[in-house]
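Notes follow the structure.
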Amino acid sequence: MVQMAASIQTVAGNADSLVCNTGEVASSIQELGASSEQVAKSAETMASSFTETSATIEQMTVSIEKVARNSEDLASSVSETSSTIEQMTVSIDQVATNSQELQKVVVESAAIIEEMAASINQVAKNVDTADNVAKSAAKEGGAGIQAGQQAAAGMARAEVIDKTSASIVNLGKRSEEIGGIVKVINEIADQTNLLALNAAIEAARAGDAGRGFAVVAEEVRKLAERSMVATKEIAQVIRQVQADTSESVKYGEIASQEAKASMELTAVAGITIENIVTSIEKTSSLMSDISRMTAEQANASSQVIRSVEKMSQATDVVANAAREQALGGRQIRQAVERMNHITQEVTVATKEQAAGSRQIRTAVENMNNITGQVSIATKEQSLSARQIIGAVSGMTAMTQSVATATAEQKKGGEMVVSAMENISDLTRENLSSVEQLSRAAQNLSEQAVEMNALVAQFKVA
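Residue numbers (the working numbering): 1086 to 1546.
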């Protein structure tokens, strides 16, 4: 019994020690459980954070892919714009070339108009000369009429008849001079008509810019035609005057030779002289008309010259504007080429960013899966810790029962052995969970390093 009591006391002491150790184990297990629960909460927080990060990266990936598509569209649009600007530059260069050709046409037209104006001024001078000659002839015709009247009144005076004959001869010479002047006027009118035709051709070459010049050239041509008609009428009158003068000269000579016997011839000569004077007056009137028309031609030529000068100034402005447009078009084309190069670089960069974002998304998904596994493992570990705590509590109660009831030592010992086995199993499970958590943390660290590398690559792109 003493031995049994000692044994019981020993068992009781061991039971007390076991109670203390069990309390310490329970405390450690509680701390492990709290740590496991904290790890589980952290894993859940990390999983939630990775979920949000995954959603954000998903949105960023969609945005980057959209930017990539927009960059491709922009590159296509820039290419089309570059082609359009190239065509516009070619058109502007053609306009500049046409403007230079128009300048040449305007300069040539100005030279023709100046030549035509000089010709018209010469016509005006010749018309003035012819008008003076016609007036002089009219005066001489009047003197011839007066001489004829004197001859009719006193045919006995041969000297009067001789003067009349001389006056008629001078009248014939003046008629010939008028005929020469009319010939010159006719030639000048032909030349004016030819110049007007050339001016119309140059105006047609100038297009819309020479439309007003063509109208003026047409008016000059009409005036030239009127001058030609008038000179033809003058020529006809002069031919009649020359015929009448020749006839008067003939009759004057007959009157000079047979003055006393030629009263009727003297009367006829007087009538002829009157006809000559009438013809000369008509010639003078036609000369006045020609003078007026040449003045109108000179005025029209001045207007044409002013129009050509304005058109020359306008063509200078157009040519300068065309050159500036050509320069601006080339600058725009260079800018578009640079923009096209930049958009191509942006397109390549966005494609690389899209690829990097997809890799980041994959890495985040992997990390999310790992954190899920860690969360599950920590939950299992927390559950195991609670089971261990329950087992330790049961073991404590059992050891207390052993201390108070040694009679139940065997049964309590068996229960202690069973509880210790449970402790051993739960400890092994806890160790396995900790190892699994360690491996998950290692994988998570590797994924974090990979994610940092991908983020650094994304920033460089």
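Glycine included, C-beta positions come from ideal geometry on N, C-alpha and C.
>> Going by beta-carbon coordinates alone, are residue 1303 and residue 1291 separated by less than 9 Å?
In response: No, Cβ-Cβ distance for residue 1303 and residue 1291 is not below 9 Å.
>> Applying the 10 Å Cβ sphere with the 16-neighbour rule, what's the burial state of residue 1430?
In response: Exposed: under 16 other Cβ atoms inside 10 Å.
> Secondary structure at residue 1277, three-state DSSP: helix, strand or coil?
Replying inline: Residue state, collapsed to three classes: helix.
> In its own chain, which residues sit with a C-beta less than 8 Å from the C-beta of residue 1144, not counting the 5 before and 5 after it?
Replying inline: Non-local beta-carbon contacts of residue 1144 in its own chain, meaning distances under 8 Å to residues more than five positions away in sequence, are absent.
> Buried or exposed: which applies to residue 1287, given that a residue is buried once 16 or more other Cβ atoms fall within 10 Å of its Cβ?
Replying inline: Here residue 1287 is buried, its C-beta having at least 16 other C-beta atoms within 10 Å.
>> So, for residue 1272: in the same chain, excluding its five sequence neighbours on each side, which residues have a beta-carbon less than 6 Å away from its beta-carbon?
In response: Nothing meets the Cβ criterion.
>> Please classify residue 1182 as buried or exposed, where buried requires at least 16 neighbouring CB atoms within 10 angstroms.
In response: Exposed, by the Cβ-count rule.
>> At the level of alpha carbons, what is the spacing between residue 1321 and residue 1307?
In response: Residue 1321 and residue 1307: Cα-Cα distance of roughly 21 Å.
> In chain order, what residues of the same chain lie with their CB nearer than 7 Å to the CB of residue 1416, ignoring the 5 residues before and after it?
Replying inline: Excluding residues within five positions, none has a Cβ falling inside 7 Å.
>> So the candidates are 1175, 1147, 1426; which of them puts its Cα closest to the Cα of residue 1412?
In response: Ranking 1175, 1147, 1426 by CA distance to the CA of residue 1412 puts 1175 first.
> When the Cα of residue 1419 is compared with those of 1168, 1147, 1151, 1325, which residue comes out closest?
Replying inline: Measuring from the Cα of residue 1419, the nearest candidate turns out to be 1168.
> Taking the C-alpha atoms as reference points, what is the distance between residue 1172 and residue 1317?
Replying inline: In a straight line, the C-alpha of residue 1172 is about 59 Å away from that of residue 1317.
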